[in-house]
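Numbering (our numbering), first residue to last: 112 to 395.
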């Protein structure tokens, strides 16, 4: 996600290890401006570094974890013009999502403006796109009254849920730094009835009496593993959970994990090397 300061260097490398979810988590813990996309059988990563990040950049640590990388200088640009040019927007059946920079007209029922920043989720990433596709699929089939978004980031999925269901949404994220961005995006889109909780997972005093008929979680596999029991405890019987942030080669592992907790796979959608899954909770 791009932030509003001059970017001077770009670091590019491939993730070849099968343990890529832990490596991706490490990248997100160290850097802000990150792009990840499939390339052949691997994942290609681009890091955009500003002055302070360049000063703290450790080439030896990166090389030890990922092998070879390239470091290139970004030429000076009119970034305002470039961002407008790049803001092509993302469209689904019901939504047109953009940074709000271009004048592109869309006939979609709902519009969202999500500026790119250091909070994950603008609609352009495959895992976010798949989450929205799953949500749209579900709300056409069933009414939901109690809904939770785990790992909300920019708030985009909470906003999608709020617009499509007209219900109060509980939005959870363990990163306190994104709270300001979340509420700014909430205000920009003129939304309310969305509550932000800064916490790890679903176990907290504030949610002790809460249960949900729909949970959406767009986070890495390593975190899904840790939270699957909490998902089960907080989801009502016959409730659904949308799971995203999963690469295709992780699909069978996540299905196996959820089957152990009596979650039944109902539907899945693919986009490039990512998969979005919908599970239903069954009684044990």
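All residues carry an ideal CB built from backbone N, CA and C; glycine is no exception.
Burial state of residue 262 is buried, judged by a 10 Å Cβ sphere holding 16 or more other Cβ atoms. Contact check for residue 203 against residue 121 fails: the beta carbons are separated by 9 Å or more. Apart from the 5 residues on each side of it in sequence, residue 388 sits with its Cβ closer than 6 Å to the Cβ of 354, 379 in its chain, given in chain order. CA-to-CA, the gap between residue 225 and residue 140 works out to about 22 Å.
Residue environment analysis places residue 150 among the exposed positions, since fewer than 16 neighbouring C-beta atoms fall within 10 angstroms of its C-beta.
Scanning the region 305-364 from its first residue to its last, the whole alpha helix (DSSP H) runs of 4-plus residues come out as 332-345. Here the alpha carbons of residue 289 and residue 160 stand approximately 20 Å from one another. In the structure shown, residue 164 adopts helical secondary structure according to DSSP, grouped into three states. For residue 248, the enclosing alpha helix (DSSP H) stretches over residues 237-250.
The C-beta distance from residue 271 to residue 243 rounds to 5 Å, short enough to fall under 8 Å. Exposure of residue 181 is indicated by the presence of fewer than 16 other C-beta atoms within 10 angstroms of its C-beta.
For residue 375, the uninterrupted beta strand (DSSP E) run begins and ends at 374-382, by DSSP. In this structure, residue 308 sits near residue 281, with a CB-CB distance shorter than 9 Å. Spanning the alpha carbons of residue 176 and residue 278 requires a straight line of approximately 44 Å. Under the three-state reduction of DSSP, residue 282 is assigned to strand.
Within the model, the alpha-carbon separation for residue 374 versus residue 166 is close to 47 Å. The beta carbon of residue 174 is closer than 8 Å to those of 180 in its chain, skipping five residues each way along the sequence. Out of 302, 347, 351, the CA that lies nearest to the CA of residue 320 is found in 347. Here residue 269 really is in contact with residue 305; their C-beta atoms are around 5 Å apart, less than 8 Å. Put simply, the backbone Cα of residue 237 is about 11 Å away from that of residue 329. Assignment of beta-bridge partners to residue 392 by DSSP yields 374. With fewer than 16 other beta carbons inside 10 angstroms of its own, residue 303 counts as exposed. Take the alpha-carbon of residue 222 and the one of residue 145: they are about 25 Å apart. Distance from the CA atom of residue 283 to the CA atom of residue 318, rounded to whole angstroms, is 11 Å. Counting C-beta atoms within 10 angstroms of its own C-beta, residue 371 has fewer than 16 neighbours from the protein chains shown and is therefore classed as exposed. Between the alpha carbons of residue 341 and residue 185 lies a distance of about 44 Å.
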